[in-house]
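Step one of this worksheet: look at the structure below.
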Amino acid sequence: MDLIEELTWRGMIQDIMPGTREQLAKERTAGYIGFDPTADSLHIGSLVPILLLVHLQKAGHKPIALVGGATGMVGDPSGKSEERNLLSEETLNHNLACVQRQLEKYLDFSPSLPNAAEMANNYDWFRNMTFLQFIRDVGKHITVNYMSAKDSVRRRLDSENGMSFTEFTYQLVQGYDFYWLYTHKQCKLQMGGSDQWGNITTGTELIRRKSSGEAFAFTCPLITKADGGKFGKTEKGNVWLDPDKTSPYQFYQFWLNATDADAEKWIRIFTFLSRDSIEALLVQQRADPGARALQKSLAREVTEFVHGQAGYQSAIATTEKIFADQSAPAESLSVEDLESIEGIAKFDFPADKIGAGIDVVSFLAECGILPSKGEARKLVQNGGISINRRKIDSPQFSLTGDLLLHQKYILVQKGKKNYYLVRVG
RNA sequence: GGGCAAGUAGCCAAGUGGCCAACGGCAACAGACUGUAAAUCUGUCCUCUUCGGAGUUCGGUGGUUCGAAUCCAUCCUUGCCCA
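Per this note's numbering, the very first residue in the first sequence carries number 6; after that it's consecutive.
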């Protein structure tokens, strides 16, 4: 099975330029994907492009990860309904460094490999380019008509928000990246999300016109959720790849909580499991959906890929402590259990305040779990708060010293899945 | 520079002098049911609250009025048309 066949089966190909498959079969090909430094960590949305590069490398081709030091200064209008805010140079550089460090984890850069991965930053070739150079050497080759025909541009032209010249130019800047990589790194392939198709074709067009060369591309579909919601969001916001921003436990939980429909699609995209193993899992899932074989494998594979064995182990350990026996009394958790539950928020609370007894509402607000008493009260009234695994049914409920686990902990739950550990001392 | 239109809560969007913290929808959070799914139903959803209320909102600023998201002036932003 060749790369394209493999990716097609996994549901990772949306558009593909004719001849791409033949090119990949013909010779070792360098292919690139651009990553925008919009934040100081990549999130799981970027996982798909990363995986594309990994698949590319596994198939013997050379992956190039491009970070957008220059394009990040412009702002990609694709998929955006409004003009983006520009990032300051300082943030940009910080983000750039972080993103680069993350990318390095997932690809093999060993110089001994014939298809060693490479990192590039388009600021390197834009830094010294003047505006006049750009409009003469790049702008001259592409008509405004061509650029305006792109979906991402047209949608914005039709909308009432309009679009700045800066963002309009974006596709040329990205297009030039491809041209530069084509001429300097013999890079003949660009990949990306399907929203990038317009930008990508500008690149191949530029290569065709400027050096009558031939370049190829394919895109993968944007990841969606069955219910139409945004992929990669939880209550706490984005799911990041950086373990300091999203702990391995939370990361694992994100995948574990996938709906059945999503898990079926995602397991093919986000894991390297073979077709046979996935089909076996699908059969299992249908036979006993409650066991969630799909979600478990999905969560395991992705967590291991991103956070390694150790990260997965700690995620599992926490999951078991929290969910293995929901009805088990909180008292059955040992000090070690409580202390080592990774990924749950920890708070401190002065012991003397509890000595005399304190009502739940004040407690929740004062220790910082909830922002205000009003909010705490509402949640309690809704039945959304449990303490030491027992549901609190009244805002008047009073916390006293004998509730402390091991004389110093209180375990708070908001809803079923959000745990907070309060250290009293 | 001239003409026209628009700017309301995270988003979409109603409201066009008092009954407006502002209809409705989406998103989000919680509850019931489940499988830590989905669907459905229910509650919450500007901030604070001793749950009685209190405070701050409808692009900004000033004004008219007993009273303004709503009227007037001015400024800002955006779009369309003309120059």
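Just so it is clear, CB atoms sit at the ideal spot from N, CA and C, and this is done for glycine as well.
Among the residues of its own chain, which have a CB less than 8 Å from the CB of residue i, if the five just before and after it don't count?
i, result
"Gln107", "Ser46, Leu47, Leu246 and Asp247"
"Asp113", "Gln62, Ala121 and Ala122"
"Gly65", "Arg33 and Asn120"
"Gly313", "none"
Report the three-state DSSP secondary structure of residue i (helix, strand or coil).
i, result
"Ile228", "coil"
"Pro23", "coil"
"Asp281", "helix"
"Glu123", "strand"
"Phe223", "strand"
"Arg15", "coil"
"Asn133", "coil"
"Asn100", "helix"
"Thr405", "coil"
"Gln107", "helix"
"Asn150", "helix"
"Val427", "strand"
"Lys145", "helix"
"Lys419", "strand"
"Ile374", "coil"
"Asp265", "helix"
"His239", "Sequence inspection shows Thr at residue 239; the His mentioned does not correspond to that position. Correct three-state label for Thr239: strand."
"Asp357", "helix"
"Ser367", "helix"
"Ser391", "strand"
"Leu246", "coil"
"Leu118", "coil"
"Leu410", "strand"
"Lys383", "helix"
"Arg214", "helix"
"Gly295", "helix"
"Lys155", "coil"
"Thr303", "It is Leu, not Thr, that sits at residue 303 in the sequence shown. Note: Leu303 maps to helix in three-state DSSP."
"Thr276", "coil"
"Thr251", "coil"
"Leu8", "helix"
Whose C-beta lies closer than 6 Å to the C-beta of residue i among residues of the same chain, with five residues either side of it excluded?
i, result
"Gly373", "Phe352"
"Ala320", "Pro253, Tyr254, Tyr257 and Thr308"
"Gly50", "Gly237"
"Pro400", "Val366, Arg382 and Val385"
"Thr350", "It should be noted that the sequence gives Ala, not Thr, for residue 350. Counting only Cβ-Cβ distances below 6 Å, and skipping sequence neighbours, we find Tyr425."
"Thr251", "Val244 and Trp245"
"Leu186", "Tyr37 and Cys192"
"Ala231", "Thr264, Ala266 and Asp267"
"Leu375", "Leu369 and Ala381"
"Ile21", "Phe223"
"Lys67", "Ala35 and Asn120"
"Met6", "none"
"Ser403", "Gly362 and Asp364"
"Thr405", "Gly362"
"Ile415", "Val427"
Which same chain residues end up closer than 7 Å to residue i when comparing Cβ atoms and leaving out the 5 residues on each side of it in sequence?
i, result
"Asn243", "His48 and Gly237"
"Tyr181", "Val143 and Leu211"
"Asp342", "Lys326"
"Asp156", "Gly203"
"Gln19", "Ser199, Thr224, Cys225 and Pro226"
"Lys413", "Arg428, Val429 and Gly430"
"Gly316", "Pro248, Pro253 and Thr308"
"Arg132", "none"
"Asn393", "Ala335, Leu408, Leu410, Ile415 and Leu416"
Have a look at the DSSP bridge pairing and note the partners of residue i.
i, result
"Ser399", "Paired residues: none, contrary to the question."
"Gly234", "Beta-bridge pairing links Gly234 to no other residue."
"Leu286", "Its beta-bridge partners do not exist; DSSP assigns none."
I believe residue i touches residue j by the beta-carbon criterion, under 8 Å. Please report the beta-carbon distance rounded to the nearest angstrom.
i, j, result
"Ile274", "Leu286", "About 14 Å; that fails the 8 Å criterion."
"Leu58", "Ile38", "6 Å"
"Val417", "Ile359", "About 13 Å separates the two Cβ atoms, so there is no contact after all."
"Phe173", "Met196", "The Cβ separation is near 24 Å, so there is no contact."
"Leu303", "Thr276", "6 Å"
"Ala70", "Val178", "Not really, about 18 Å apart at Cβ, beyond 8 Å."
"Gly389", "Lys419", "6 Å"
"Leu278", "Gln290", "In fact, because the Cβ distance is near 13 Å, the residues do not count as touching under 8 Å."
Write down every uninterrupted run of the beta strand (DSSP E) in the region 27 to 91 whose length is 3 residues or greater and which is fully enclosed by it, in chain order.
35 to 40 and 67 to 72
Which runs of the beta strand (DSSP E), 3 residues or longer, sit entirely within the region 310 to 355?
350 to 354
Kindly provide the ranges of any alpha helix (DSSP H) runs that are 4 or more residues long and lie completely inside the region 162 to 207, ordered along the chain.
170 to 190
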